[in-house]
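2 is the number of the first residue of the sequence shown in this note's numbering; add one for each residue after it.
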Amino acid sequence: MILADSGIVVIDLGAAEICIAAALILINAAISVALKLNLERRLLIASLRTVIQLLLIGFVLEWIFETTRWYLVALILLTMSLIAGFAAVSRTSRRFAGIRLSSVIAVTTSSWLITAIALTSIIRPERWYQPQYCIPLLGMILGNSLNGISLGLDRLTAELADRRDRVELLLTLGATRWEAANAPIREAVRTGMIPIINSMMVVGLVSLPGMMTGQLLAGALPLGAVRYQIVIMFLIAAATALSTVLAVLLSYRKLFNSKHQFLYHEISRRSD
Numbered sequence: 002m003i004l005a006d007s008g009i010v011v012i013d014l015g016a017a018e019i020c021i022a023a024a025l026i027l028i029n030a031a032i033s034v035a036l037k038l039n040l041e042r043r044l045l046i047a048s049l050r051t052v053i054q055l056l057l058i059g060f061v062l063e064w065i066f067e068t069t070r071w072y073l074v075a076l077i078l079l080t081m082s083l084i085a086g087f088a089a090v091s092r093t094s095r096r097f098a099g100i101r102l103s104s105v106i107a108v109t110t111s112s113w114l115i116t117a118i119a120l121t122s123i124i125r126p127e128r129w130y131q132p133q134y135c136i137p138l139l140g141m142i143l144g145n146s147l148n149g150i151s152l153g154l155d156r157l158t159a160e161l162a163d164r165r166d167r168v169e170l171l172l173t174l175g176a177t178r179w180e181a182a183n184a185p186i187r188e189a190v191r192t193g194m195i196p197i198i199n200s201m202m203v204v205g206l207v208s209l210p211g212m213m214t215g216q217l218l219a220g221a222l223p224l225g226a227v228r229y230q231i232v233i234m235f236l237i238a239a240a241t242a243l244s245t246v247l248a249v250l251l252s253y254r255k256l257f258n259s260k261h262q263f264l265y266h267e268i269s270r271r272s273d
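See the structure below:
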């Protein structure tokens, strides 16, 4: 046990406690076997990746937290953004040329902008590149933004594919590319925003978000943790909306040319 500054005792977890929690995954494996879901192997791989990835990032963050070099922190942030951009696309069922670039631009632009506003106007650390602030903050924003992008892009391509006849009919009758694609675009953005809106509707009533829970377990006072979580939720919501809109609009520009033609042939289903 560790005594926090607030006088609250913080319980430190060791390898034994982690092993007990990991053993609970066997329940998931048993369900998979009983229902013949064939998910046992994926559960094992996912569990191992969780442990390995988090241990690695823990060691990296311990080193990064001690550095005063802004360019090392910026490199970490850029790497996180690139991974998020590619991860968002990996979840979509349809692809087109340039979808990865659109995703990376959208998630990087929106997440960095919102994080910059948070660091300079809300949290205001001594230096913007203090790792204990900028890295976790950007990480939370990226994680939610990539979900919005993934859902938005998936819905956009699906809507355009399903409504191909209607879209091409509107273009034939003289509609602009924006008029023809307006409904799919609105539906895509709406879909991308649904998860964060649902989270905001029940936060504090049904679920305690990860950051707030972590602060409470670390010994922070409840109201202080709540204030931080309110700020984080608003930052995440703003970044998710902005990133989803950017990704959808950039994709729309890729799928319709300046001659107001729908480039349906650019859309293809994933082969895996």
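Note that the Cβ used here is the ideal one computed from N, Cα and C, for glycine as well.
Please read all numbers here as calculations on a predicted model, not as lab measurements.
Can you say whether residue 117 is buried or exposed, counting buried as having 16 or more other CB atoms within 10 angstroms of its CB? So residue 117 counts as exposed.
In angstroms, rounded to a whole number, what distance separates the CA positions of residue 185 and residue 157? 6 Å
Decide if residue 107 is buried, meaning its Cβ has at least 16 other Cβ atoms within 10 Å, or exposed. buried
Residues bridged to residue 96 by DSSP? 269
Whether residue 139 touches residue 81 by CB criterion (8 Å): The beta carbons of residue 139 and residue 81 sit closer together than 8 Å.
Can you tell which of 264, 260 and 78 has the C-alpha that lies nearest to the C-alpha of residue 252? 264
4 or more residues per run - each alpha helix (DSSP H) lying fully within the segment 67-113: 71-91
Member of 261, 25 and 94 whose CA lies at the smallest distance from the CA of residue 150: 94
Tell me whether the beta-carbon of residue 146 lies closer than 8 Å to the beta-carbon of residue 240. yes
What residues match up with residue 60 in a beta bridge as DSSP calls it? For residue 60, which the question treats as bridged, DSSP gives no partner whatsoever.
Taking the alpha carbon of residue 237 as the reference point, which residue from 187, 221 and 137 has its own alpha carbon closest? 137
Rounded Cβ spacing between residue 65 and residue 73 (contact assumed at less than 8 Å): 7 Å
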